[in-house]
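S.K.:
Numbering (the working numbering), first residue to last: 299 to 422.
See the structure below:
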């Protein structure tokens, strides 16, 4: 799971979102992508937050996903649009009301997170 925060330069938010659109369309058809949610921060009008769930490891994501053609313009233009970027790689501990992280393929450490143990429910 990835939590990415982007602080925009003044007046650059709309252009950032425009450049992000082809990336979102590309990941929609990417079998490694389980989910991407784009958030506006109501406490900071210049911040966009992405929450992403990907199958595979951090290393696979960095090697394979960042090289995809639909990311080229977005990645190239990002420095002119943002003041700050922070990226956190998260490992799910539990989950409620969905099965987005239940796949054995979802990992950040090289091994799948795996399903709950027999008799265990997610969120406990």
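Even for Gly, the Cβ is constructed at its ideal location relative to N, Cα and C.
Quick check on the DSSP output: the beta strand (DSSP E) that includes residue 376 runs from which residue to which?
M.R.: For the purposes of this step, residue 376 is taken as residue 78 along the chain shown, with counting starting at 1. Unbroken run through residue 376 is the alpha helix (DSSP H), 370-379; no beta strand (DSSP E).
S.K.: Mapping the DSSP letters down to three states, classify residue 309 as helix, strand or coil.
M.R.: Here residue 309 refers to the residue found at position 11 of the chain shown. Coil, per DSSP.
S.K.: What are the boundary residues of the alpha helix (DSSP H) that residue 348 is part of?
M.R.: Counted from its first residue, the chain shown places residue 348 at position 50. Counting along the chain, residue 348 falls outside any alpha helix (DSSP H), though it belongs to the beta strand (DSSP E) covering 345-352.
S.K.: Is residue 416 buried or exposed, if buried means 16 or more other CB atoms sit within 10 Å of its CB?
M.R.: Walking along the chain shown from the start, residue 416 turns up at place 118. Note that residue 416 has pLDDT 43, beneath the 50 cutoff, so the model's placement of it is unreliable and the number below is only indicative. Per the 10 Å Cβ criterion, exposed.
S.K.: Sorted by chain position, which residues of the same chain lie with C-beta nearer than 8 Å to residue 266's C-beta, five sequence neighbours on each side aside?
M.R.: Absent from the model: residue 266. The displayed extent of the chain is 299 to 422, so no value can be given.
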